[in-house]
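Q: Structure incoming, see below.
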């Protein structure tokens, strides 16, 4: 979660920046994971193991990207509803004054 916030404020990273970080981490992780997985499954076809690993890691990256995108949209929705609610309260107070 520390990756999600800038140190200067509470602004979330853009989804594209998160996707780039995930792609970099996926490439590093896949190299380590593929080497160990292919040696473990050496009796079977390593091409199938490579394809399965890359597909599973790609699916994880895509799901994580959509999770962070939906979280960002959810936070924007909450902020807009909060501001709408505050405007409604101020409008009611203004009407009651007059």
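In the numbering used here, the protein residues as written are 5 to 102.
Here a beta-carbon is modelled for each residue, glycine too, at the ideal position from N, C-alpha and C.
If you draw a straight line from the alpha carbon of residue 69 to that of residue 93, how long is it in whole angstroms?
A: The sequence position of residue 69 within the chain shown is 65, counting from 1. The sequence position of residue 93 within the chain shown is 89, counting from 1. Computed Cα separation, rounded: 36 Å.
Q: Residue 82 to residue 61, Cα distance in whole Å?
A: As a working mapping, residue 82 is identified with position 78 in the chain shown. As a working mapping, residue 61 is identified with position 57 in the chain shown. Rounded to the nearest angstrom, the two C-alpha atoms are 32 Å apart.
Q: Where does residue 4 land, buried or exposed, given buried means 16+ other C-beta within 10 angstroms?
A: The question about residue 4 has no answer, for the chain in this structure spans 5 to 102.
Q: Pull up the distance between the alpha-carbon of residue 98 and that of residue 65, whole angstroms please.
A: Taking the chain shown and counting its residues from 1, the one referred to as residue 98 is at position 94. Taking the chain shown and counting its residues from 1, the one referred to as residue 65 is at position 61. One Cα belongs to residue 98, the other to residue 65, and the distance between them is close to 49 Å.
Q: Can you grab the Cα-Cα spacing for the pair residue 88 / residue 67, in whole Å?
A: As a first step, residue 88 must be located in the chain shown, where it is residue number 84. As a first step, residue 67 must be located in the chain shown, where it is residue number 63. If I take the Cα positions, the gap works out to 31 Å.
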